[in-house]
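Protein sequences, first through last, are from chains Z and X. Under my numbering, the first residue of the first sequence is numbered 879, with each subsequent residue one higher. Under my numbering, the first residue of the second sequence is numbered 29, with each subsequent residue one higher. Backbone N, C-alpha and C fix where the C-beta goes; we use that ideal spot for every residue, glycine too.
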Amino acid sequence: MMIKMTINGDVVEVDVKPNETLLDVLRNKLYITGPKEGCGNGECGACTVIYNGKPINSCLVLAPEADGAEILTVEGLTKNGKLHPIQEAFIEENAFQCGFCTPGFIMSTKALLDRKKNPTREDIVEALAGNLCRCTGYQTIIRAVEKAAEKLGVKE
Amino acid sequence: MRNKYVGKSYPRVDAYEKVTGTATYVTDMFFPGMLYAAVLRSPYPHAKIKKLDVSKARELEGVRAVVTAEDSPYRQGIYLVDRPIFATDRVRYVGEPVAAVAADSWEIAQKALELIEVEYEPLPAVFDPREAMKGEVLIHPDLANYERMPIYNIEPEKNVFHHHKTRKGDIEKGFEEADYIIEGEYYLPQIYHAPLEPHGAIAYYGFDGNLTVWSSAQSPFTLRNLIAHAFKIPRHKVRVIAPYVGGGFGGKAGINMEGIVVALALKVPGKHIKLIYTREEDIMATVVRQGMYAKVKAGVKKDGTIVAWQEEMIFDGGAYAEYGTNVVRAAGYTTPGPYYVPNLKVDSYGVYTNHFVGGAFRGFGHGELHWAVERHMDKIAQELGMDPLELRMKNLLKPGLTNAMGQKIHEHTGDVEACLKKAAELIEYGKKPEQPKDPKKRRGKGIAALVKAPAMPTNAASSVVIKFHEDATVTLQVSIQEIGQGFNTAITQMAADALHIPAEKIKVVFPIDTDANPYEWQTVASRALWTVGNALYRAAEDALNQIKNIASQVLGVAPYNLEVEDDRVYIKYDPETYIPLTDIVMGYTYPDGHAIGGPVIGRGSFVPERLTNLDPETGQGNVAAEWTFGAEAAEVEVDMETGEVKVLKLVGVFDAGRVVNPMVATGQIIGGMVQGMGPALFEQIKYDEKGNPITISFTDYKLPTIADIPEEMIADFVETYEATSAFGVRGIAEHPMISVPPAIAAAIYDAIGVNLNEMPFTPEKILRALKEKENK
Ligand code: FES
Ligand code: FES
């Protein structure tokens, strides 16, 4: 069936199968490969995108359900070739190593900071508890989120 | 060499791609007309294949190839060639590949798997390596005939794929001299690497007979070598391209699942075939860390001096050994870790079982050996009524002493004492932790040391090519894989200092392509900056000499009177007189048009110096090139009602030699400590009593999440210049994982007075231990 979605500001129409996931469609049909598949099972957060304003595991959404949805992926964060402050913060705080989990963490962070300007450590832990990282030990990720909040706060 | 970039937290060169989601991993690659592969796997831990019929699968529309051992009767393995690409007459673990399909879509490939008919006859299986050593069930009846490196010592009638022996001093005399004999047993189960990116590969076989493999691989050249060897294809016709790797931790070293896609590709020339493992496949059918049972008997003097150490380590190697042979060996030759013991007898056995395949894992046997050694040090301290740190300090492997293989420790080998002191300071050792008001919750502190050298063949080589371009910028060709450790960044800094040019003018060629890049053994063993650094130093000297030789002709001064600096080559005694590098690096052209020189290309190779194999009977020799010492400490809070352990603080201190990039190095330590905390507290591959795996998802195989990490984690360094490195560096990437579990176990003892000798420290085990203590 054909579905229509707004992805990173662009209206996209795509033919999907009933059992396909949103992640499959993004990656394998639209070649939007920022969202990663780490488990396909809702257990790792690597596939996190912002879906109608909320962070979700795109591997758990069936593509037909996404008809009409507004979706933001990591590809939608850069504007005019410039990094988003969250991305800058991840670089400055060294909040990645292999990078495979990074798009998911950045999107979960974006969703958190959209909702809470000054998150506490508890807020950050809660918002990122569904994202797995095997490399960093998370410490720098927490710092990056704090720094991103500062950066965004200063800008506004 | 200049000293401008090394030692600074230079920003990571892979940062932009990684935070924008544009870094390419194998799974992100698509080719026109690409086929998708799927694998049929064994449901039995040990069974005979009585019948295998793929004819119906072959007939399904959209299926382009089906392969089994009949089409691809090859075995693979780095040190011991024991692992078939597809099970031949029998399967040896749940998840073992039996057949594979390539089809127009993943769905069709899955459907085709259902059409494959297999009949199995279950065989008796064995899951405990101690049982397996009795030899009642032989998992590899043909072991004696397998191809292997001669340094590995098989005992086929006991399922032993390697038996390492250390014999040093006189163990009996040692025990006679001892005032106390202290014995202990320690265990750890298999654990899973869990790279966030599952294993994946794409293969393409051209009509011209050239094979290309894109793989999430730590070791592009070794992978090429092993593919070529298994499939009997000349090396120059095999090309491996390795884009970013989404986490390796040893699991993507050597060869893994690539043979499956290669076997399919050979059947359908002209088509790309992609196979990305699901998480379940990744857990079952790649490699895991081996489990281990250890028995230690130590002879100790009243004052705490250890005079004898006898140990037996029995590794649960799983169904195939290949890489794991060397894990067993490394654990054997390093025991008893960072301590000096004059009389030693160590036996380390790698044993086949019908569990998942054991292989390389961050730490490479050292997490295992230090688990036993450091736990036993605590036990000795307890029995002597001595402070555990004091006992350690008393027995340290210090300059002038020899380690287990008889190598002499020098001042430049590193300073374990300084590491322990610093770690003790950072955890405020000796200062009692503040106890919570709730009397059910108790806090404690623990400390442990460690040492590790790269475990590698004596001739594990590296090479580097430096190419200058028209504008005097440089591309650096090295074939260490960027798996997250920050290699590309660190080597850029080192190259900038070696070449005396700005780091911004250097780009590391990526991805690695074995057709274009110079040879590198593997991205393993925490050896990269050390070994490639030495090759790089030579390549840079080579390039600088070429530049100076050209300039010497133009300026009429001896090459040794010239110096390169940033954008120019100048006369040392007259710095105002110089030639811009841009006029030199493609060769120099005189005003009349005649030219000399030519493009500057620096080349450097390195192979470890003066290494020798170990004596098979005594384990004495010179197989380790450089050693990294470290110390780790933990503070925990134990809830005596629920048995839950909360790690409050972790400290890791390592003698890294010169730290190339403090930010990146700190990241390695923090990440490694958390990876060490997982198996201490909860990580474990579990099977039911029939040998069926039950932890094959992230729900059942729990990893540390952001909610589990200690509030405080500190990384620090001691910097004893490494004399065997042109840059003074040594490895630290694996080390942070190693001694976190014993440090946590020691902290638990400090908190509640019970000893946990089996990992992981689950609430049930804590409660059971508390109960036992009460009953005593
Ligand atoms: S891939 Fe979606 S949560 Fe893991
Ligand atoms: S950076 Fe590798 S998993 Fe997070």
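Ligand 1 heavy atoms versus the CB of Z:Glu-948: any closer than 7 Å?
no
Pull up the distance between the alpha-carbon of X:Ile-794 and that of X:Gly-49, whole angstroms please.
43 Å
Which residues of the segment 973–984 of chain Z have a Cβ closer than 7 Å to any Cβ of chain X? Give them in chain order.
Phe-974, Gln-975, Cys-976, Gly-977, Phe-978, Cys-979, Thr-980, Pro-981, Ile-984
For a test of your reading of the model: does the CB of Z:Asn-906 fall under 7 Å from any non-hydrogen atom of ligand 1? Yes or no.
no
Among the candidates X:Leu-171, X:Tyr-777, X:Ile-612, whose CA atom is the shortest distance from the CA of X:Glu-665?
X:Tyr-777
Identify the contact partners of X:Glu-810 in chain Z, using a Cβ-Cβ distance below 9 Å as the criterion.
Given that chain X is displayed from residue 29 to residue 804, the structure contains no residue 810 of chain X and the question cannot be resolved.
Check for me: the beta strand (DSSP E) holding Z:Pro-933 runs from which residue to which?
932–935
Starting from the Cα of X:Leu-216, find the closest Cα among X:Leu-372, X:Thr-363, X:Ala-400 and give me that residue.
X:Ala-400
Where X:Thr-362 falls: helix, strand or coil (DSSP)
helix
Does the beta-carbon distance from X:Ile-807 to X:Ile-629 come in below 8 Å?
Any property of residue 807 of chain X remains undetermined from this structure, which presents chain X solely from 29 to 804.
Per DSSP, what kind of secondary structure is X:Ile-612 in: helix, strand or coil?
coil
Taking Z:Thr-998 as the query, report the chain X residues whose CB atoms sit under 9 Å from its CB, ordered along the chain.
In chain order: nothing, as chain X lies at least about 13 Å away.
Return helix, strand or coil for X:Met-341, following the three-state DSSP convention.
strand
So, is Z:His-962 buried or exposed, given that buried needs 16 or more other C-beta atoms within 10 angstroms?
buried
Answer with yes or no whether the minimum CB distance from X:Gln-138 to chain Z is below 8 Å.
no
Mind listing, in chain order, the continuous alpha helix (DSSP H) runs of no fewer than 4 residues lying wholly within the segment 229–276 of chain X?
248–259
X:Lys-193 versus Z:Lys-914: straight-line alpha-carbon distance, rounded
45 Å
Exposed or buried, Z:Lys-1025, counting other C-beta atoms within 10 Å across all chains shown (16 or more means buried)?
buried
Interface residues of chain Z around X:Pro-223 at Cβ under 8 Å?
Cys-976, Phe-978, Arg-1012
Contact criterion: CB-CB distance below 8 Å. Does Z:Gly-989 meet it with respect to chain X?
Strictly speaking, residue 989 of chain Z in this sequence is Ala, with Gly absent from that position. By this cut-off, Z:Ala-989 is not an interface position.
Could you tell me whether any Cβ in chain Z is nearer than 8 Å to the Cβ of X:Phe-114?
no
Are there any heavy atoms of ligand 2 lying less than 7 Å away from the beta-carbon of Z:Gly-1008, as far as the coordinates show?
no
By Cβ distance below 6 Å, which residues in the same chain neighbour X:Tyr-351 in space, the five residues on each side in sequence not counted?
Ile-106, Gly-282, Gly-387, Ala-388
Counting beta carbon pairs with one atom in the segment 118–131 of chain X and one in the segment 317–328 of chain X, are three or more of them shorter than 8 Å?
no
Inter-residue spacing [alpha-carbon to alpha-carbon] between X:Phe-538 and X:Gly-332
53 Å
Which residues in chain X sit within 9 Å of Z:Glu-953, going by Cβ to Cβ distance?
Thr-48, Gly-49, Thr-50
Looking at chain Z, is there any beta carbon in it that lies within less than 8 Å of the beta carbon of X:Gly-649?
no
Give me the Cα-Cα distance between X:Lys-714 and X:Phe-155, rounded to the nearest whole angstrom.
11 Å
Short of 7 Å in beta carbon distance, which residues of its chain neighbour X:Arg-631, apart from the five on each side in sequence? Order them along the chain.
Val-493, Ala-567, Asp-570
Check whether the segment 582–600 of chain X and the segment 442–453 of chain X are in contact - that is, three or more C-beta pairs closer than 8 Å.
no
Mind checking X:Gly-128: buried by the 16 CB within 10 Å criterion, or exposed?
In the sequence on display, residue 128 of chain X carries Ala and not Gly. Its Cβ being crowded by 16 or more others within 10 Å, X:Ala-128 is buried.
Would the beta-carbon of Z:Asn-935 be found less than 7 Å away from any heavy atom of ligand 1?
yes
Can you tell me the Cα-Cα spacing of X:Ala-743 and X:Lys-436, whole angstroms?
28 Å
On the CB-based measure, 16 or more other CB atoms within 10 Å of its CB, does X:Arg-252 come out buried or exposed?
buried
Go ahead and pull the three-state DSSP assignment for X:Phe-891.
For residue 891 of chain X there is no data in the structure shown, the boundaries of chain X being 29 and 804.
State the Cα-Cα distance for the pair X:Lys-426 and X:Leu-419, rounded to the nearest angstrom.
14 Å
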